[in-house]
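There are 2 protein chains.
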Amino acid sequence: MRLTAFTDVSLRLIMRLAVAREGELLTTRTVATMLAVPYTHMAKAVARMAEMGLVEARRGRGGGLLLTDEGRRVSVGAIVRELEGSGDLASCEGDPPCPLRSACRLRGALREAREAFYASLDAVTVASLADAPARETLVLLQESPFDGEQE
Amino acid sequence: MRLTAFTDVSLRLIMRLAVAREGELLTTRTVATMLAVPYTHMAKAVARMAEMGLVEARRGRGGGLLLTDEGRRVSVGAIVRELEGSGDLASCEGDPPCPLRSACRLRGALREAREAFYASLDAVTVASLADAPARETLVLLQESPFDGEQE
Chain A
0 MRLTAFTDVS
10 LRLIMRLAVA
20 REGELLTTRT
30 VATMLAVPYT
40 HMAKAVARMA
50 EMGLVEARRG
60 RGGGLLLTDE
70 GRRVSVGAIV
80 RELEGSGDLA
90 SCEGDPPCPL
100 RSACRLRGAL
110 REAREAFYAS
120 LDAVTVASLA
130 DAPARETLVL
140 LQESPFDGEQ
150 E
Chain B
0 MRLTAFTDVS
10 LRLIMRLAVA
20 REGELLTTRT
30 VATMLAVPYT
40 HMAKAVARMA
50 EMGLVEARRG
60 RGGGLLLTDE
70 GRRVSVGAIV
80 RELEGSGDLA
90 SCEGDPPCPL
100 RSACRLRGAL
110 REAREAFYAS
120 LDAVTVASLA
130 DAPARETLVL
140 LQESPFDGEQ
150 E
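So the sequences go chain by chain: A and B.
Counted from 1, the first sequence has number 102 at position 103 by numbering that gives the first Met the number 0; the numbering is strictly sequential.
Counted from 1, the second sequence has number 17 at position 18 by numbering that gives the first Met the number 0; the numbering is strictly sequential.
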């Protein structure tokens, strides 16, 4: 059982932005490098988080990425729920589709279980992810070169 | 968020065996075909379920696959917990590893959420998955040829 790489990258982004200092310039490239994520993946996550109203990308001098008030208040459950969606947890509609799909009791049980998973994360705020001991690690992330990928 | 294909196949197998009639001969090939799963995947699931004591594979005349008493009583949570394991839900230890992994608060929150997911499935028994309306569909599964794969 795994989250998608997209959710993983998005949450790393949100956690780093949660500890940004006033006036700190964080670009998509900077956070991608800090979080050991390819630039293109991070750019997609930034776009989606902006679309969800959680991140603002300010242009120009003194611009950069910052968490919105909503991004600071939102629960991790709300983010994960939005990004992971409500599709099936098994290959019910795969190719070939599962012959049980029309009357399957497992399908509903898995969805209920996922609801319990999301509900557990509803109690976790973005702000709390940036508490100690995470805060120090987040603040000290370095901009070191990452595997040669360049824009 | 998805279960592995292995868990999916294993649960399909268990559900079909839960409605087997006394004396019904179900081979690995038969259930693979019925459940639209490649034979090799089903053979691995049968081996693992036997190892876990949930399925018995009787050899010889009148042999075939059947659910053990334990397999009938076990919760879906116990099966999923065993098959999905306790690894990370994100790529914490990927290549490159996540720079936050040593102090990450999300990592623990995700594990707790998975525990809630498993706990929800702990309340679901294999027997209950074979209740109506699933039972009829399970009983009526046909042995139709599946995409040409042969042993």
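Don't be surprised by glycine CBs; every beta carbon is placed ideally from N, CA and C.
| Query | Result |
| --- | --- |
| Near-chain A residues of the stretch 92 to 104 of chain B - C-beta to any C-beta below 8 angstroms | P95, P96, C97, P98, L99, S101, A102, C103 and R104 |
| Neighbour flag for L10 (chain A) against chain B, beta carbons, 8 angstroms | yes |
| Whole-number beta carbon distance between L120 (chain A) and G76 (chain A), since they are thought to touch under 8 angstroms | 4 angstroms |
| Residues of its chain near L128 (chain A), where Cβ-Cβ distance is below 6 angstroms and the 5 sequence neighbours each way are ignored | M14 |
| Contacts of R71 (chain B) in chain A (Cβ-Cβ under 7 angstroms) | Per Cβ cutoff of 7 angstroms: no residues; R71 (chain B) is ~15 angstroms from chain A at best. |
| Beta-carbon proximity check, A17 (chain B) vs A108 (chain B), cutoff 8 angstroms | no |
| Three-state class that DSSP yields for L66 (chain B) in the structure shown | strand |
| Counted within 10 angstroms of its Cβ, other Cβ atoms place R57 (chain B) as buried (16 or more) or exposed | exposed |
| CB contact flag (R113 (chain A), M0 (chain B), <8 angstroms) | yes |
| Burial state of T27 (chain B), where buried means 16 or more other Cβ atoms lie within 10 Å | buried |
| Proximity test, A17 (chain B) beta-carbon vs the ligand GDP heavy atom, cut-off 7 angstroms | No copy of the ligand GDP occurs in the structure displayed, which carries no ligand at all. |
| Contacts that R113 (chain A) makes with chain B (C-beta to C-beta distance below 9 angstroms) | M0, F116 and S119 |
| Contacts around S9 (chain A), its chain only, beta-carbon distance under 8 angstroms, and the 5 residues preceding and following it disregarded | A44, R47, M48, I78 and L82 |
| Buried versus exposed, by CB contacts within 10 Å (16 or more), P98 (chain B) | buried |
| E92 (chain B) versus A89 (chain A) - alpha carbon distance | 25 angstroms |
| CA-to-CA distance, L65 (chain B) to P37 (chain B), given in whole angstroms | 19 angstroms |
| Beta-carbon neighbours of S127 (chain B), restricted to chain A and to distances below 9 angstroms | R104 and A108 |
| Within 8 angstroms, strictly: CB atoms of L12 (chain A) and G63 (chain A) | no |
| Endpoints, beta strand (DSSP E) assigned at V54 (chain B) | V54 to R57 |
| Neighbour flag for V18 (chain B) against chain A, beta carbons, 8 angstroms | no |
| CB contact below 8 angstroms: T26 (chain B) versus chain A | no |
| Minimum C-alpha distance to M51 (chain B) - residue among B:G70, B:E21, B:A35 and B:D7 | B:G70 |
| Bridge partner(s) assigned by DSSP for S74 (chain A) | A:T124 |
| Residue-level contact to chain B via CB, Q149 (chain A), 8 angstroms cutoff | Because Q149 (chain A) carries a pLDDT of 45, less than 50, the predicted location of this residue cannot be relied on, and the following value inherits that uncertainty. Closer than 8 angstroms: no. |
| Residue-level contact to chain A via CB, L53 (chain B), 8 angstroms cutoff | no |
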